[in-house]
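Enquirer: Residue numbers (this note's numbering), protein chains in the order written: chain A, 1 to 405; chain B, 406 to 573.
Note that beta-carbon positions come from the ideal geometry of N, C-alpha and C, so glycine has one too.
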Ligand SMILES: Cc1ncc(COP(=O)(O)O)c(C=O)c1O
Ligand code: FES
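Put into structure tokens, the structure is as follows:
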């Protein structure tokens, strides 16, 4: 297999110009973040945070300082910040850990229909243990309606999970209002929000938005992969789901990824040092790309909302009559790196559940492309992409039997 | 529930995706068929120009259009290359595995892209003789394995998305 990939890469070649816009699936890491991490592999803090030697204490200091950086930016106590090794793990811990610890109080879980799979699938895995999982529907822009959510919550409900920002279509949920109506219905419900795609782009002060638990992921803010965060408010019961040697993290065993934590901390500093300014610039770039593509490419649809209720860096367009996986390959050869929610990209040939939840028809989901910009992109990058995408779509439309009538 | 899978395409797939052979619609084809489902998934259209040569029917030209992934485009392109110049009977014998092999292999989840291409070919050949109201002896009356597989692919697409389509 390895040599096959090698041959594929050689056949592909490296395009003269490359613009990476797949930061949603895997974040590009800025050089200054990488620099910050390097000493922690073998010069300082390479020890185990729970062992009594100098490199261990140095490592512990990194864990603590990173927890403090997280805590400051989401308005919580550092004690309540728990690290895992990914956002996926933090979501699993949130859903399964709360369900197990609180099963005597009720067995109903409500999640929105557009949650990340790392929320939906752990929730559904609990059905075997007698839990009832209800998916709250969304409207065609991806919003959960307060009244609809309130309807679904009852005395049996232990946990509600609604993300802050959708990972595919950028919808900024009105989490505060949702958590209020949920608590009006049942004050004991634990409210979790997956804020992976909100952090660094939308203010997510835990008290202000009214949540008991919050998930973050380092690579979503251009930190390294391999660090997740679960904030758990004081008093919320969570049972560990992985078993093993615990270190500084009471809810997640295994040695902490200290170099990645150091990188994450740096990424947080960078994301928050000019929060509003950077987001405004990214929003302007995103709008420039969006307007330009909608103008230049006929039969293109915007997926998700427009305006202030869409996160600054997300763009998701469906190009009708072409298939998205083919488009990602075509764009890759032009040095534009994106992903698609098409069925053809999936293990079992099913389109993205987010696209289906917002009522996109199969053929609309089929040509969907996700772009995620960062503050490191330039207007030159955007113009390059805006030039390549119409040509790529055009080439594939020439191949397609559809849309010619 | 959709999750992703690595797709290490072969250089041949990439090459044919980039420069497909025999691409495009054919005016007045002697045989035409589609496989897949335009309403809800991947589609291959196949066009054949068939001529009489020394008393047998030969595929002089084959063209395709594809609404599908890179593997689908490459498989359709490869298939048209493979059947050009063959007698219709020889073309009938081409199996999806032959197409996949000629591409240097396909990732397992992408095999159905080749199955649909071969399904379109067999359907086109049947349509050709159906239109002429005569079935040569070598053409089986019942559906062959390859045709059934293609039908299964189509049914799979319908089953998964049929219900949702009605909403549109
Ligand atoms: C909303 C959301 N939650 C969770 C995750 C999972 O995070 P990680 O990639 O760190 O496992 C992602 C990343 O894809 C995400 O977008
Ligand atoms: S055409 Fe959909 S997977 Fe190949």
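Tell me where the alpha helix (DSSP H) around residue 417 of chain B begins and ends.
Expert: 416–423
Enquirer: Against chain A, with Cβ distances strictly below 8 Å, would residue 421 of chain B count as a contact?
Expert: False, the Cβ-Cβ gap to chain A never drops below 8 Å.
Enquirer: Identify the contact partners of residue 345 of chain A in chain B, using a Cβ-Cβ distance below 7 Å as the criterion.
Expert: 409
Enquirer: Taking any Cβ of chain A, which residues in the region 447–465 of chain B have a Cβ under 9 Å from it, in chain order?
Expert: 447, 448, 449, 450
Enquirer: Is the shortest distance between the beta-carbon of residue 416 of chain B and the beta-carbons of chain A less than 8 Å?
Expert: yes
Enquirer: Helix or strand or just coil, what does DSSP make of residue 135 of chain A?
Expert: strand
Enquirer: Using a cut-off of 8 Å between C-beta atoms, extract the partners of residue 473 of chain B located in chain A.
Expert: Chain-order list of chain A residues neighbouring residue 473 of chain B: 323, 326, 344, by C-beta distance under 8 Å.
Enquirer: Does the beta carbon of residue 1 of chain A sit closer than 8 Å to a beta carbon anywhere in chain B?
Expert: The predicted position of residue 1 of chain A is uncertain, since its pLDDT is 45 and thus under 50; a value taken from the coordinates is nonetheless stated next. Yes, contact with chain B.
Enquirer: Using a Cβ-Cβ distance cut-off of 8 Å, determine whether residue 570 of chain B contacts chain A.
Expert: Since pLDDT at residue 570 of chain B reaches only 38, below the 50 mark, its modelled position is unreliable, and the value read off the structure follows with that caveat. Judged by the 8 Å Cβ criterion, residue 570 of chain B is in contact with chain A.
Enquirer: What are the uninterrupted segments assigned as alpha helix (DSSP H) that are 4 or more residues long and contained completely in the region 21–86 of chain A, given in chain order?
Expert: 31–37, 39–42, 54–74
Enquirer: Where are the beta strand (DSSP E) runs, 3 residues long or more, that stay fully inside the region 244–308 of chain A, in chain order?
Expert: 300–302
Enquirer: Can you tell which of A:372, A:355, A:72 has its C-alpha closest to the C-alpha of residue 138 of chain A?
Expert: A:355
Enquirer: Round the Cβ separation of residue 87 of chain A and residue 228 of chain A to the nearest angstrom and send it over; I've been treating them as touching at under 8 Å.
Expert: 4 Å
Enquirer: Quick one: what's got a C-beta closer than 7 Å to residue 279 of chain A's C-beta in the same chain, skipping five residues either side?
Expert: 201, 312
Enquirer: Report buried or exposed for residue 265 of chain A, applying the criterion of at least 16 other Cβ atoms within 10 angstroms of its Cβ.
Expert: buried
Enquirer: If you reduce the DSSP assignment to three classes, tell me which class residue 397 of chain A lands in.
Expert: helix
Enquirer: Closer than 8 Å, Cβ to any Cβ of chain B: which residues of the region 1–25 of chain A, in chain order?
Expert: Taking 8 Å as the upper bound on Cβ-Cβ separation, chain B lies near residues 1, 4, 5, 7, 8, 10, 11, 12 of the region 1–25 of chain A.
Enquirer: What is the DSSP secondary structure of residue 431 of chain A, counted as helix, strand or coil?
Expert: Since the displayed chain A opens at 1 and closes at 405, residue 431 of chain A lies outside it and no answer follows.
Enquirer: Just the C-alpha distance for residue 273 of chain A and residue 205 of chain A, rounded to the nearest angstrom, thanks.
Expert: 16 Å
Enquirer: If you measure between the beta carbons of residue 323 of chain A and residue 474 of chain B, is that distance less than 8 Å?
Expert: A contact, by the Cβ cut-off of 8 Å.
Enquirer: When DSSP labels each residue in this structure, what does residue 559 of chain B get in the three-state scheme?
Expert: helix
Enquirer: At a CB-CB cut-off below 7 Å, which residues of chain A make contact with residue 428 of chain B?
Expert: 399
Enquirer: Please return the same chain residues whose Cβ sits closer than 6 Å to the Cβ of residue 28 of chain A, not counting the five positions on each side in sequence.
Expert: The residues are 20.
Enquirer: Does the CB of residue 434 of chain B have a neighbour CB from chain A at under 8 Å?
Expert: no
Enquirer: Does the CB of residue 573 of chain B have a neighbour CB from chain A at under 8 Å?
Expert: Only weak support is given to the placement of residue 573 of chain B: the predicted model assigns it a pLDDT of 27, under 50, and the value that follows is read from those uncertain coordinates. By this cut-off, residue 573 of chain B is an interface position.
Enquirer: Does the beta-carbon of residue 289 of chain A have 16 or more other beta-carbons within 10 angstroms, so that it is buried, or is it exposed?
Expert: buried
Enquirer: Using only the alpha-carbon positions, how far apart do residue 203 of chain A and residue 243 of chain A sit?
Expert: 33 Å
Enquirer: Using a Cβ cut-off of 7 Å, pull out every chain A residue sitting near residue 520 of chain B, in sequence order please.
Expert: The contacting residues do not exist; residue 520 of chain B stays about 12 Å from chain A at best.
Enquirer: Please report how far the alpha carbon of residue 5 of chain A lies from the alpha carbon of residue 555 of chain B, in whole angstroms.
Expert: Taking the straight line from one Cα to the other gives about 29 Å.
Enquirer: Is the CB of residue 488 of chain B under 8 Å away from at least one CB in chain A?
Expert: no
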